[in-house]
Amino acid sequence: MGRITVRRRVTRITVGQEPKRREDVLAVEEPLEIRVGGKQLAITMRTPGHDFDLAAGFLVSEGVIAQASDFGAARYCAGATVDSQNSLMPENTYNVLDVTLGFGVAPPDPSLERNFYTTSSCGLCGKASIDAVRTLSRHAVADDPLTIDAELMASFPDRLRAGQDVFEKTGGLHAAALFDGRTGEMLVLREDVGRHNAVDKVVGWALKENLLPLTGMVLMVSGRASFELTQKASMAGIPILAAVSAPSSLAVELAGELGLTVVGFLRGSSMVVYSADQRILSEPSNASEPPNASERTDASERTDASEPADTANQPILEKADAS
């Protein structure tokens, strides 16, 4: 079904040495058109796989559905074909998904319709204005009593990275994982070229497991914490959003309004808490303390080490991943 990696011949250049030609593995990026009741709602650039979860999570984040029974069914449009003479890429592949809502669930409001293109790197592309994504959450995350020890929080990035199987091969995927803030258990991890797609896949999985709202949970993402990721966390009832890099100003502003905790620069034993810091518990040790986390967010720390590589090359089919 969906191809998650492809192989390409590349030239590796090191200054002062002869260029070397070799084969490299790239993460696949393909469009997914999401339809509801046969009507086009959005197109997102994503890594194939877990597409049903992606669509479900997307609909949760847009306020269309809130529980498993709201998501009636989903199917790919039929008719995948391959022109084997000219290309290994299907002309009509599993890139159109039609969702049927549950009985009595209202169809999406026309105002939610995007300009039908969302890039994998920018979750706000296609929205007419920021006001259009200020969706009222069904869950009061400010009332979530979760508190978590900073030492437990500090263990999440390494566990996130350890679970990124495709990233290890390609360096080209973001990841999102859901941790139980009370036990530290990692419940699910998803990878995608777009961090917002990875989050939708996590939320969609939780919807199918009847876990919404995700009270007491921590959403951990690679890269930055954007406004849209904050919105997606709140719509799923997640009280803590953590990222290995910085949040945006608007993400912090929205989190402050919602009472959602945003943690950035979560690396090693340090982190920066930007909102609702009462949820992160930390006891000073007797040993000499490292530099304050807020002093470590200088220019050298602001390089997003987990930013995936560009995957714009024409891909060659390699393998499948079931949704």
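Numbering (full-length UniProt numbering), first residue to last: 1 to 323.
We put the beta carbon where it would ideally sit given N, CA and C, even for glycine.
- When His196, Glu18, Gln164 and Ser248 are compared, the shortest CA-CA separation from Met186 is found for Gln164.
- Taken through DSSP and simplified to helix, strand or coil, Glu257 comes out as helix.
- Burial state of Pro110 is exposed, judged by a 10 Å Cβ sphere holding fewer than 16 other Cβ atoms.
- Between Gly57 and Val203, the C-beta spacing is below 8 Å.
- If you draw a 10 Å sphere on the C-beta of Pro247, you find 16 or more other C-beta atoms in it, and that means buried.
- Shown here for Cys77: same chain residues with a beta carbon closer than 7 Å to its own, the five before and five after excluded, namely Val96 and Asp98 in chain order.
- DSSP places Asp109 in the coil class of the three-state scheme, outside both helix and strand.
- Its Cα nearest to that of Asp277, the residue Val263 stands out among Thr230, Gly268 and Val263.
- Distance between Trp205 and Glu228, taken at the CA atoms: about 19 Å.
- Here Gly102 is exposed, its C-beta having fewer than 16 other C-beta atoms within 10 Å.
- In this structure, DSSP gives Gly204 a helical state, which the three-state scheme calls helix.
- For Asp53, the closest of Glu191, Gly38, Gln17 and Arg161 by C-alpha to C-alpha distance is Glu191.
- In this structure, DSSP gives Pro239 a state outside helix and strand, which the three-state scheme calls coil.
- The beta carbons of Pro157 and Arg267 sit about 6 Å from each other, so the pair counts as a contact at 8 Å.
- Straight through space, the alpha carbons of Ala225 and Leu250 are spaced by roughly 10 Å.
- Counting along the chain, no beta strand (DSSP E) covers Asp144, and no H or E run does either.
- Residue burial annotation: Lys232 is buried, with at least 16 other C-beta atoms found within 10 angstroms of its C-beta.
- DSSP places Gln67 in the coil class of the three-state scheme, outside both helix and strand.
- No residue range can be given for Pro284, since it is assigned to no beta strand (DSSP E) and is classified by DSSP as neither H nor E.
- Collapsing the DSSP output to three states places Glu30 in a strand.
- Here the C-alpha atom of Glu209 lies approximately 42 Å from the C-alpha atom of Val10.
- At least 8 Å separates the beta-carbon of Tyr274 from that of Ala243.
- Distance from the CA atom of Arg161 to the CA atom of Val36, rounded to whole angstroms, is 34 Å.
- Minimum Cα-Cα distance from Asp51 among the listed residues Arg12, Gln40 and Leu32 corresponds to Leu32.
- Secondary structure note for Arg159: its alpha helix (DSSP H) is the uninterrupted segment Phe156 to Ala162.
- In this structure, Val218 lies away from Arg195, with their beta-carbon atoms at least 8 Å apart.
- Looking from the CA of Met153, the closest CA among Ile34, Ser282 and Leu207 belongs to Ser282.
- Per DSSP, reduced to three states, the secondary structure at Ala246 is coil, with no helix or strand assignment.
- Taken through DSSP and simplified to helix, strand or coil, Thr230 comes out as helix.
- Using a 10 angstroms sphere on the CB of Asp143, the tally of other CB atoms stays under 16, which defines it as exposed.
- For Pro213, the closest of Glu257, Ser137, Thr183 and Ser270 by C-alpha to C-alpha distance is Ser137.
- A Cβ-Cβ contact shorter than 8 Å links Pro239 with Leu260.
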